[in-house]
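**Q**
Residue numbers (the working numbering), protein chains in the order written: chain A, 2 to 436; chain W, 2 to 436; chain G, 2 to 436; chain E, 2 to 436.
Structure representation (structure tokens):
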């Protein structure tokens, strides 16, 4: 069969045996380690174009680039393989139970990448594996593209297993989405670069505000439920931040080496301080402080206590009451303003690669996989691999060391704690691989 | 004496008797009305350049364009009149009591207009008329430029009176600053245009968020303590807003014609709604609801209850409990991100005109005045005139009618109320004059 | 008849006898002057909503805001008056001869204001009055909205006359479009504010480039065929420009007081110079220098000689050959990058007002008019009035004086020339009215 | 000695024997290949902080991020190693002969990364090895940081050799700067990401312009003298481009499979076409067409013939004369507007890493090296390695295949040519490594 993709990719077909190593820095005594199949066009294609009925669904919160991924799955299937039958499932997993679907063509999706949000709309939760697979069967769908985060990918794994159990010839491809960059194995998640860029606006605003007053304390809360990547990289990019607090690094407020002491010191030196705060920072601390019980959202994510207002109030109280000194608090939460923008050029290219990898994989007959770069080479990864652990900022890694060198903030750690930390974080990935 | 300004302005000298009328639409039976001196260069200059010692001070909250005004006062004095002795008072009125001042030259201020905030730093309150005038006398200052809002201008009026009482030859010029556009008499305040532009980002983000989910309710809180100009014009500019709530227009939540009913209706029609909310909207209502007592800040401004989180919670509760329907609430407060940006091109030009008018006025020997366009002609206005009332959105005016036509939101008013309102608002200025 | 507009505008109906004065600054011996009908909703409406068949056409070059005007004509007709039958004529006047038209509804145009360009597409020329009116008659159109520049409005006047001659009950409304702001009578044209804002990017880039090198000469060419408004206001907004050359102010290169001397002086003082250049500047001079004959485009506009590359080459040659000094020339032509962007918030509001004025006028039964603010009040103006002269920068006005004070550039004029100029420019409008 | 860097980097010291492999995809029969020392802090430091006198110089054209690199060299030396004596050499290599230098401190450079251009100013050429090394000796400088492109790095290698010949204890570190991304060995050059992002504005403008007219032909010229990376990635990011022409891929205009045929086809299908053009595309072709001789600039770079206006004219002529069809040509050259902007967040982080690597290397006593990521790990590379070849887009690589799949443009190549090309380009690096 003469595929349209062969026209372009003839020279660059990936051989079935090509693999990508998960670990690139190899030491004397390290074992061979895990390898994944390299992503890309195959010479041998499993599906005939006119037999393909594909569907695309988006789940969970917004993230810049979703629309580019949707667009490029549709254009990739159509331009590279001649597929004409593509359905859009609307409003997340729930959309599988709905009577209606959207018809997706290159023309329909032509400009959606210039807009934020998701053209297919989204929701949290609503996953019923059997009903979804029934629906896939009823509609005669044989390629399922699922764009979503952790919980969504776990759902995709269940769909894949149920499909396997029923013996259906249906390819299930996951495209991992998390603005937090906390997906394991892959180098970075799409939208992350755009989020870091847009976060600069909020940091700049906080900096301008606190520079203009006496004892200005600027706090910017950024995304990052379990990982502080956005906060860390946004801090490094800005060079205006005095302190970055992330979920991976517990902090304390009072006493020697605590946050209050550091704030006081910077106010004395510079008259102002800018703190960047990941939303997941200090959760245990706040929970103890507020005697709060844990709750979960529809996707099964733990409902976080809002660290931003909590910390702002703690700082205000401390300086007013204990230090007898009024601080000018400027708290900014730019979350929705970051999530809702279109992806930047860098993410647009990245989303294109992810989508094309997914299309090549499904067309080649792979299933139960997600896509993403591993050590900067795009690979197919079993879904379970990316959901079993989470990517977090390694406190003993080079990126965090660079951040500490840049902010000169307290480490909030004693030496023994640092070493313990190091031993525990075996699943951590050094973000320097993505820069 | 041959002034440098005469080089450029020879053709355009303003005659002392030139005036600007406050009311432009004249009806049969209207009296002649109030007129102000037209701003601009005079043939006759009061101060000799080498005898001038000027100072500039900025007070109150941030607003885009402060730095441009400061820059243009300095450059105007220097380039147009050859003045070389200009001091920057740091950190608001309090800076008058400080030992140090900044030396301001065209070189020092050359690039400050490209940055947000205020190069001179600012604070609230701290006004002690006698100490300030003592300080002016001690330093030998004979021109005082005061950039600030309502409270600041009242302080400027006191300084002017005390100076007059002491018989000092000191010119006091106020440049009215309020991002809210609520200063009476003048057409609009600087930074307003930039604020409306930047507010679009937040409104767009809210719109994208709610369009991507079921029952999405987006709320964007914008500046506007006593007046809803930013909210009104930002709503008109966006065309994505379903409802705009401002201090001038009381609203109610429950029952027929209430906000909940309107939200429910839009959710049914479109699946989402975007509400723009001025910070001062509904204050009496909230106060009653929260049984809160009134507090004031250091500038004497009433401390507002935070309408944003309050309304978000009210809506969530209503739809969860009463309507048994989960709404997806997306609340955005972009206040600091708007206040802290540099002024746009339009405000840069406007700030230049304000600063040059102030300089021409002070050099011509006027004092106790503020500057600003009245019916699009720049004029000198006695300070007391701009502080005795406030500019608010006229609910029976054409701009609000255009907004209602655009959003089709409930008026929250019965006919008799509307008429009463009209009679009471004799000080209101129709914003259509500024467009 | 109960109109939907009356719901909002009841309080603000314009009385048929309300007028706006063309001249606002009145002197002792001035006559009463020209007055125009005030724009706005009338109590008495001429057309019944279900009898209206409207059409919209866009002609000439791009300008930010065209799509907002189109959107608001459609939404205004539908929301305010209940009109449902609106056609989009595609590709300029030529589209009248085409078999196809677009159907315009609020839903179709809902998001077009977020995109640059024109949704209706455009072209130059192609005007055949009789064929167009035949077509209007054949299609049963009774409201014609024509968005376009000078040539287009002259075409609109011809259409209006032919319609009058044939005794048809068809309202013809022109919405003047010129990014150059050179339309007479009205305060400013839509898109102008956006253009000035976007021009700052190019000026900033030129400034950064020349500041980084020795003898840097940055030249930015901006729009302005016959008027230098964009160049003038962009220069005032930037504060980084050393010299602004516009069509209204002839300049010369060599000798005392010439441009070369001024460039040399600034290079000696600062090491760099930034020149902003309106495209129509120096045309006669270049024509003589190049011995070029005059040509015209399809709209009848004189084809300008490209002053940008010409001046760049002249400067390079002079300094290399005559001064034996290499200059670092940085020439930027951002024209298309400015024209093609969406309108900013300020222009969005302005376009809305223009469109609604046009709709109110046509629905009230007026015809042969254009709309626009005159002394900041929206008015209906006979089409012929706005095409018989052009708005240009008044060299003896206050805005140009401010520019000269800001750049300190040579005036390129002797005193006697200045006076002569003043006498000749009776049609000029002082731009200070629009700020 | 207790270095301040050890505080942060203790956990992450790089061992002297750590290396980075140049080739990451290893095949059965490949040799071990080239390895470079891994960049990063060393436990053993060569220089004592108070004995260091460092200098920084910037050469060649502008590129986003230069100021961030300068800032981070200064802050890195000061914060991480306690170095206090740092000089800024002004205006490129020529600055070494000047009497004056700038004193660089963290405070002086604190905000320069928010501005485009180079704080140290720059020039082309002016390199006299002996005079420069004399000057380094005279001033007692022992660390030289040189930021610049190809020619500049060749100059740095000569300085390093002369210093070695004289037996001076001076570290020479090069930071490769080329907006074109054409530097060999390293993954990508700083400023590239920002350039691709900013290029989207011009492409969008061209697309909007040509979509609004009949037979619209938009041409955007982007940087890329010898390599088409910016054009390629900007095309992939945009999804609005029909054709991308780069120096690596010769093209022809007339006949079957030529550019004119492709343009005609797209105009027929879509009514418009957008072409992105690297400045170095088609140089041989143009030279033959124009009978032009080769010239060079002060840096020794070949002066390119301006392909943009040339191609625009060729297309206009062809369609007017041969096809009797008027095209609407929209040509945009955004070069200076791209070069002069500040670096985006992603490049800011990247520039920080480059600067810190350089500082760690020089402090550890390495010399004659440049820094940059090789397979996403930062490494020290002998200067000669990066200047002996150039990085170009591999026509048989996956990124170009993706581009062809995206644009569906003609390859302008026969099969035999493609293979020949492949064999010749042994130095090419597949850009997919950087995404």
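Ideal placement from N, C-alpha and C gives every residue a C-beta, glycine not left out.
How many Å lie between residue 319/G and residue 263/G at the Cα?
**A** Taking the third chain and counting its residues from 1, the one referred to as residue 319/G is at position 318. Taking the third chain and counting its residues from 1, the one referred to as residue 263/G is at position 262. In a straight line, the C-alpha of residue 319/G is about 13 angstroms away from that of residue 263/G.
**Q** Identify the contact partners of residue 63/G in chain E, using a Cβ-Cβ distance below 8 angstroms as the criterion.
**A** Locating residue 63/G in the third chain gives position 62, counting from the first residue. In chain order: 209, 210 and 213.
**Q** Using the C-alpha atoms, what's the distance from residue 387/A back to residue 290/A?
**A** Taking the first residue of the first chain as position 1, residue 290/A is located at position 289. Taking the first residue of the first chain as position 1, residue 387/A is located at position 386. The straight-line gap from Cα to Cα measures roughly 33 angstroms.
**Q** Can you tell me whether residue 277/E is buried or exposed, with buried defined as 16 or more other CB within 10 angstroms of its CB?
**A** The residue labelled residue 277/E in the question sits at position 276 within the fourth chain. With 16 or more Cβ atoms within 10 Å of its Cβ, residue 277/E is classed as buried.
**Q** Using the rule of at least 16 other Cβ atoms within 10 Å of the residue's Cβ for burial, across every protein chain shown, is residue 296/G buried or exposed?
**A** Sequence index remark: in the third chain, residue 296/G carries index 295 (1-based). So residue 296/G ends up on the exposed side.
**Q** If I measure Cβ to Cβ from residue 13/W and keep anything under 8 angstroms in the same chain, skipping five residues before and after, which residues do I get?
**A** Position 12 of the second chain, counted from the first residue, corresponds to residue 13/W. These residues qualify, in order along the chain: 41 and 42.
**Q** How is the beta strand (DSSP E) around residue 144/W delimited, first residue to last?
**A** Along the second chain, one-based indexing puts residue 144/W at 143. Per DSSP, residue 144/W belongs to the beta strand (DSSP E) from 144-149.
**Q** So residue 330/W is in the alpha helix (DSSP H); what residue range does that whole segment cover?
**A** Counted from its first residue, the second chain places residue 330/W at position 329. Per DSSP, residue 330/W belongs to no alpha helix (DSSP H); it is in the beta strand (DSSP E), 329-333.
**Q** With C-beta atoms as the reference, is residue 381/A less than 8 angstroms away from residue 37/A?
**A** Stepping through the first chain from its first residue, residue 381/A is reached at position 380. Stepping through the first chain from its first residue, residue 37/A is reached at position 36. In contact: residue 381/A and residue 37/A (Cβ atoms closer than 8 angstroms).
**Q** Sorted by chain position, which residues of the same chain lie with C-beta nearer than 6 angstroms to residue 364/E's C-beta, five sequence neighbours on each side aside?
**A** In the fourth chain, residue 364/E corresponds to position 363, counting from 1. Same-chain partners within the cutoff: 46, 48 and 82.
**Q** Alpha helix (DSSP H) containing residue 222/E: first to last residue?
**A** In the fourth chain, the residue the question calls residue 222/E occupies position 221. It is not in any alpha helix (DSSP H) - residue 222/E instead sits in the beta strand (DSSP E) that spans 217-223.
**Q** Could you please give the first and the last residue of the uninterrupted alpha helix (DSSP H) stretch that includes residue 442/G?
**A** Beyond the ends of chain G as shown, which are 2 and 436, falls residue 442/G; an answer cannot be given.
**Q** Between the beta-carbon of residue 284/G and the beta-carbon of residue 248/G, is there less than 8 angstroms?
**A** Start at 1 with the first residue of the third chain, and residue 284/G comes out as number 283. Start at 1 with the first residue of the third chain, and residue 248/G comes out as number 247. Yes. Within cutoff.
**Q** Taking beta-carbon pairs under 7 angstroms, can you tell me which members of the stretch 252-277 of chain E lie near chain A?
**A** Cβ contacts with chain A: none found.
**Q** Could you tell me how far apart the beta carbons of residue 58/E and residue 117/E are, in whole angstroms, since I believe they sit closer than 8 angstroms?
**A** Here residue 58/E is taken as the residue at index 57 of the fourth chain, counted from 1. Here residue 117/E is taken as the residue at index 116 of the fourth chain, counted from 1. That pair is no contact at about 18 angstroms.
**Q** Answer yes or no: do residue 237/G and residue 350/W have a C-beta to C-beta separation smaller than 8 angstroms?
**A** The sequence position of residue 237/G within the third chain is 236, counting from 1. The sequence position of residue 350/W within the second chain is 349, counting from 1. Yes; because the gap between Cβ atoms is below 8 angstroms, this pair is in contact.
**Q** Quick one: which residues of the stretch 93-127 of chain A get their C-beta closer than 9 angstroms to a C-beta of chain B? List them in chain order.
**A** The structure shown contains no chain B; its protein chains are A, W, G and E.
**Q** Using a Cβ-Cβ cut-off of 8 angstroms, state whether residue 148/W counts as contacting chain G.
**A** The sequence position of residue 148/W within the second chain is 147, counting from 1. No, residue 148/W lies away from the interface with chain G (no Cβ there is under 8 angstroms from its Cβ).
**Q** Hey, out of 104/W, 229/W and 337/W, whose CA is closest to residue 65/W's CA?
**A** Within the second chain, numbered from 1, the residue matching residue 65/W stands at position 64. Per the Cα distances, 337/W.
**Q** Can you tell me the Cα-Cα spacing of residue 216/E and residue 407/W, whole angstroms?
**A** On the fourth chain, residue 216/E is found 215 positions in, with the first residue counted as 1. On the second chain, residue 407/W is found 406 positions in, with the first residue counted as 1. Straight-line Cα distance between these residues: approximately 37 angstroms.
**Q** Pull up the distance between the alpha-carbon of residue 78/G and that of residue 171/G, whole angstroms please.
**A** As a position in the third chain, residue 78/G is number 77, starting the count at 1. As a position in the third chain, residue 171/G is number 170, starting the count at 1. Their Cα atoms are separated by approximately 15 angstroms.
**Q** Which chain G residues are close to residue 13/W, counting only those with a beta carbon under 8 angstroms from its beta carbon?
**A** Start at 1 with the first residue of the second chain, and residue 13/W comes out as number 12. The contacting residues are 397, 398, 399 and 402.
**Q** Should residue 326/G go down as buried or exposed, given a rule of 16 or more other Cβ atoms within 10 Å for buried?
**A** As a working mapping, residue 326/G is identified with position 325 in the third chain. With fewer than 16 other Cβ atoms within 10 Å, it is exposed.
**Q** Report all residues from its chain with a CB closer than 7 angstroms to the CB of residue 354/A; omit the five preceding and five following residues, and keep chain order.
**A** The residue you call residue 354/A lines up with position 353 of the first chain. 379.
**Q** State buried or exposed for residue 256/G, treating a residue as buried only when at least 16 other CB atoms are found within 10 Å of its CB.
**A** The sequence position of residue 256/G within the third chain is 255, counting from 1. Per the 10 Å Cβ criterion, exposed.
**Q** Residues of chain W with CB under 7 angstroms from residue 203/A, in chain order?
**A** Position 202 of the first chain, counted from the first residue, corresponds to residue 203/A. Result: 338.
**Q** Would you mind working out which of 169/E, 282/E and 185/E sits nearest residue 136/E, comparing C-alpha positions?
**A** The count along the fourth chain starts at 1 and reaches residue 136/E at position 135. Looking at the Cα atoms, 169/E is the closest of the given residues.
**Q** Chain A partners of residue 178/W, CB-CB under 9 angstroms?
**A** Locating residue 178/W in the second chain gives position 177, counting from the first residue. Near residue 178/W there are no residues of chain A at all, since even the closest Cβ is about 13 angstroms away, more than 9 angstroms.
**Q** By the three-class DSSP mapping on this structure, what secondary structure does residue 60/G have?
**A** What you label residue 60/G is simply residue 59 of the third chain in a count that begins at 1. Here residue 60/G sits in coil by DSSP.
**Q** Applying the criterion that 16 or more other CB atoms from any shown protein chain within 10 Å of the CB defines a buried residue, is residue 345/W buried or exposed?
**A** Taking the first residue of the second chain as 1, we reach residue 345/W at position 344. Buried: at least 16 other Cβ atoms inside 10 Å.
**Q** Name, please, each residue of chain E whose Cβ falls closer than 9 angstroms to the Cβ of residue 362/A.
**A** Your numbering for residue 362/A matches position 361 in the first chain. Those do not exist, as residue 362/A stays about 15 angstroms from chain E at its closest Cβ, beyond 9 angstroms.
**Q** What ranges does the alpha helix (DSSP H) occupy inside the stretch 179-260 of chain A, keeping only unbroken runs of at least 4 residues that lie completely in it?
**A** If we require 4 residues or more, the alpha helix (DSSP H) runs fully inside the stretch 179-260 of chain A come out as 193-212 and 230-239.
**Q** Pairs of beta-carbons, one from the stretch 387-396 of chain E and one from the stretch 199-208 of chain E, closer than 8 angstroms: are there three or more?
**A** Too few Cβ pairs lie closer than 8 angstroms, so no.
**Q** Please classify residue 420/A as buried or exposed, where buried requires at least 16 neighbouring CB atoms within 10 angstroms.
**A** On the first chain, residue 420/A is found 419 positions in, with the first residue counted as 1. In this prediction, residue 420/A scores a pLDDT of 37, lower than 50, which makes its location untrustworthy; the coordinate-derived value is nonetheless stated afterwards. Answer is exposed; the Cβ neighbour count stays below 16.
**Q** Decide if residue 125/W is buried, meaning its Cβ has at least 16 other Cβ atoms within 10 Å, or exposed.
**A** Counted from its first residue, the second chain places residue 125/W at position 124. Label assigned to residue 125/W: buried.
**Q** Using a Cβ distance threshold of 8 angstroms, determine whether the stretch 221-240 of chain G contacts the stretch 190-206 of chain G, with at least three qualifying pairs required.
**A** The stretch 221-240 of chain G, when compared against the stretch 190-206 of chain G, does touch it at the 8 angstroms Cβ threshold.
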